[in-house]
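Accompanying notes for the structure given below.
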Amino acid sequence: MKPIRKAIFPVAGLGTRFLPATKAMPKEMLPVVDRPLIQHVVDEAREAGIEHFIFVTGRNKGVIEDHFDRQFELELTLKERRKHSDLKLLASDLPGPGTTSFTRQQSPLGLGHAVWCARELVGNEPFALVLPDVLVQHSPGCLAQMIEAYRATKQNANVIAVEEVPADRIHQYGVVGVGKTKGNTFAITQMVEKPKREDAPSNLIITGRYILQPEIFDLLGTQEGGAGGEIQITDAMIRLAKTQPFYGVKFEGRSFDCGSKVGFLAANVAYALARDDIAPAFRKEIEELLGKK
Ligand code: G1P
593 MKPIRKAIFP VAGLGTRFLP ATKAMPKEML PVVDRPLIQH VVDEAREAGI
643 EHFIFVTGRN KGVIEDHFDR QFELELTLKE RRKHSDLKLL ASDLPGPGTT
693 SFTRQQSPLG LGHAVWCARE LVGNEPFALV LPDVLVQHSP GCLAQMIEAY
743 RATKQNANVI AVEEVPADRI HQYGVVGVGK TKGNTFAITQ MVEKPKREDA
793 PSNLIITGRY ILQPEIFDLL GTQEGGAGGE IQITDAMIRL AKTQPFYGVK
843 FEGRSFDCGS KVGFLAANVA YALARDDIAP AFRKEIEELL GKK
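Below, the structure written as structure tokens:
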């Protein structure tokens, strides 16, 4: 069984749902409290033992590359002002030299196409796919839980994070069918991208974290457009499932769909309430706003 060393972060999306905030700034740089979305998911991947971070970017995304580089002027100023804790924070957030790679998705052809754009950087080994729109608040993180489940399968399997959603939201996601179950892990019997409510095999949706075997790349290379006319990762996974096992993991933790305004705002509230330095004052503000005081 090969270890999971690399993670792909697709960050080419236009972020139209957050205009005008995302006119000149990538949506992945929107902060949840004081860390950009992309930093939150990179944190989760590092905690899970990922060693190499592959970003599939697009036009206007250069600032993401800058974010994961050193900022000498800033460091110098912080040093002069003896802001040691800020310096320490910047240093601990920085991925090691040579552990990040950036490639571009030249046209917005879909998530499956974005993943395919990273094929040369991943090579012939299994990898994690982490969608920065989705935050999962839990320790250990969602990806760490999945890697544990992957190891427990003792095979070169594909593993997908899943969670239940109410019936009226099912059509927005990829949905899986449930087979033999052991603990929090089950064999996936079926997958479908953005089904109608009545066609969905369950209420378990794909949450934006995947462990995939490299054979997915050849399939993505020949994948035709699916839901919304886009090249869908789910459609290539359906083909891969004919020859390889797929497991679903019901992870622990609360997920936030930060691709939607409400999900993003809820994530900010939840992450702020989890911070010892902010929570007491913030809770007061919230209670006042809600008229509880
Ligand atoms: C993508 C996947 C979908 C998954 C979702 C999770 O959809 O195609 O299967 O459920 O992410 O957020 P998107 O949100 O890009 O439409």
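Those letters in the sequence shown? Residues 593 to 885, by the working numbering. Note that the Cβ used here is the ideal one computed from N, Cα and C, for glycine as well. All of these numbers come straight from a predicted model, not from anything done at the bench.
Considering only C-alpha positions, which residue in the set 862, 843 and 787 is nearest to residue 850?
Counted from its first residue, the sequence shown places residue 850 at position 258. For the residues 862, 843 and 787, the minimum Cα distance to residue 850 belongs to 862.
For the structure I just gave you, are there three or more beta carbon pairs, one from the segment 766 to 776 and one from the segment 793 to 807, closer than 8 Å?
yes
Starting from residue 782, follow its DSSP beta bridges and name the residues at the other end.
Indexing the sequence shown from 1 puts residue 782 at position 190. Answer is 769.
Would you decide whether residue 635 is buried or exposed? Buried here means 16 or more other CB atoms lie within 10 Å of its CB.
Looking up residue 635 in the sequence shown gives position 43. So residue 635 counts as exposed.
Could you check the C-alpha separation between residue 785 and residue 822 for me, to the nearest Å?
Along the sequence shown, read from residue 1 onward, the residue named residue 785 stands at position 193. Along the sequence shown, read from residue 1 onward, the residue named residue 822 stands at position 230. Their backbone Cα atoms lie some 11 Å apart in a straight line.
For residue 664, does the count of other Cβ atoms within 10 angstroms reach 16, so buried, or fall short, so exposed?
Mapped onto the sequence shown, residue 664 falls at position 72. Residue 664 comes out exposed.
Residue 808: CB within 6 Å of a non-hydrogen atom of the ligand G1P
Position 216 of the sequence shown, counted from the first residue, corresponds to residue 808. No, the ligand G1P has no heavy atom inside 6 Å of this Cβ.
Residues of its chain near residue 866, where Cβ-Cβ distance is below 8 Å and the 5 sequence neighbours each way are ignored:
Translated into the one-based positions of the sequence shown, residue 866 becomes position 274. 729, listed in sequence order.
Alpha-carbon to alpha-carbon, residue 669 and residue 704
As a working note, residue 704 is residue 112 in the sequence shown. As a working note, residue 669 is residue 77 in the sequence shown. Straight-line Cα distance between these residues: approximately 43 Å.
Taking the alpha carbon of residue 718 as the reference point, which residue from 594, 777, 830 and 752 has its own alpha carbon closest?
What you label residue 718 is simply residue 126 of the sequence shown in a count that begins at 1. Selected option, being the one with the closest Cα: 594.
Assign residue 745 to one of three DSSP states: helix, strand, or coil.
Position 153 of the sequence shown, counted from the start, is the residue given in the question as residue 745. Helix, per DSSP.
Run through DSSP, which three-state label would residue 841 get?
Taking the sequence shown and counting its residues from 1, one reaches residue 841 at position 249. Correct three-state label for residue 841: strand.
At a cut-off of 6 Å, is residue 679 close to the ligand G1P when judged by its beta-carbon and the heavy atoms of the ligand?
The count along the sequence shown starts at 1 and reaches residue 679 at position 87. No, the Cβ of residue 679 stays beyond 6 Å of every heavy atom of the ligand G1P.
Check this for me: beta carbons of residue 762 and residue 840, under 7 Å apart or not?
Counting from one through the sequence shown, the residue named residue 762 turns up at place 170. Counting from one through the sequence shown, the residue named residue 840 turns up at place 248. Cβ atoms of residue 762 and residue 840: not closer than 7 Å.
Thinking just about the alpha-carbon of each residue, which of 654, 805 and 725 is nearest to the one in residue 748?
For the purposes of this step, residue 748 is taken as the residue at position 156 of the sequence shown. If we check each option's Cα against that of residue 748, 805 comes out closest.
Which whole-angstrom value describes the C-beta separation of residue 656 and residue 598, a residue pair presumed to lie in contact below a C-beta threshold of 8 Å?
On the sequence shown, residue 656 is found 64 positions in, with the first residue counted as 1. On the sequence shown, residue 598 is found 6 positions in, with the first residue counted as 1. Contact doesn't hold; Cβ gap of about 17 Å is too wide.
What does a CB cutoff of less than 8 Å around residue 875 pick up in its chain, not counting 5 residues either side in sequence?
For the purposes of this step, residue 875 is taken as residue 283 along the sequence shown, with counting starting at 1. These residues qualify, in order along the chain: 865.
Return the CA-CA distance between residue 693 and residue 660, expressed in angstroms with no decimal places.
For this step, residue 693 is matched to residue 101 along the sequence shown. For this step, residue 660 is matched to residue 68 along the sequence shown. Taking the straight line joining both Cα atoms gives about 10 Å.
Please identify the residue among 765, 780 and 777 whose C-alpha is closest to the C-alpha of residue 788.
For the purposes of this step, residue 788 is identified with residue 196 of the sequence shown, where counting begins at 1. With distances taken between Cα atoms, residue 788 lies closest to 765.
Answer yes or no: the CB of residue 800 versus the heavy atoms of the ligand G1P, is any distance below 6 Å?
Along the sequence shown, one-based indexing puts residue 800 at 208. Checking the Cβ of residue 800 against the ligand G1P gives yes.
Straight-line Cα distance separating residue 677 from residue 780:
The residue labelled residue 780 in the question sits at position 188 within the sequence shown. The residue labelled residue 677 in the question sits at position 85 within the sequence shown. Going by the C-alpha atoms only, they are around 46 Å apart.
Within the continuous alpha helix (DSSP H) that includes residue 819, where are the two ends?
The residue you call residue 819 lines up with position 227 of the sequence shown. Element bounds for residue 819: n/a, residue is neither H nor E.
Would you grab the beta carbon distance between residue 801 and residue 734 for me? Rounded to a whole angstrom, and I think it's under 8 Å.
For this step, residue 801 is matched to residue 209 along the sequence shown. For this step, residue 734 is matched to residue 142 along the sequence shown. Sure, about 5 Å apart at Cβ, within 8 Å.
Using only the heavy atoms of the ligand G1P, determine whether one of them is closer than 6 Å to the beta carbon of residue 830.
Counted from its first residue, the sequence shown places residue 830 at position 238. No, Cβ of residue 830 sits at least 6 Å from all heavy atoms of the ligand G1P.
Is it buried or exposed for residue 847, if we count other Cβ within 10 angstroms and need 16 for buried?
Here residue 847 refers to the residue found at position 255 of the sequence shown. Buried.
Pairwise C-alpha distance: residue 741 and residue 666
One-based indexing of the sequence shown puts residue 666 at position 74. One-based indexing of the sequence shown puts residue 741 at position 149. Between residue 666 and residue 741, the C-alpha separation is close to 41 Å.
Could you check where the beta strand (DSSP E) with residue 693 kicks off and where it finishes?
The sequence position of residue 693 within the sequence shown is 101, counting from 1. Note, residue 693: beta strand (DSSP E), 692 to 696.
Would DSSP call residue 614 helix, strand or coil?
The residue labelled residue 614 in the question sits at position 22 within the sequence shown. The answer is coil: DSSP assigns residue 614 none of H, G, I, E or B.
Nearest-angstrom beta carbon gap, residue 648 and residue 604 [assumed within contact, 8 Å]
Here residue 604 refers to the residue found at position 12 when the sequence shown is read from its first residue. Here residue 648 refers to the residue found at position 56 when the sequence shown is read from its first residue. Contact holds; Cβ gap of about 6 Å.
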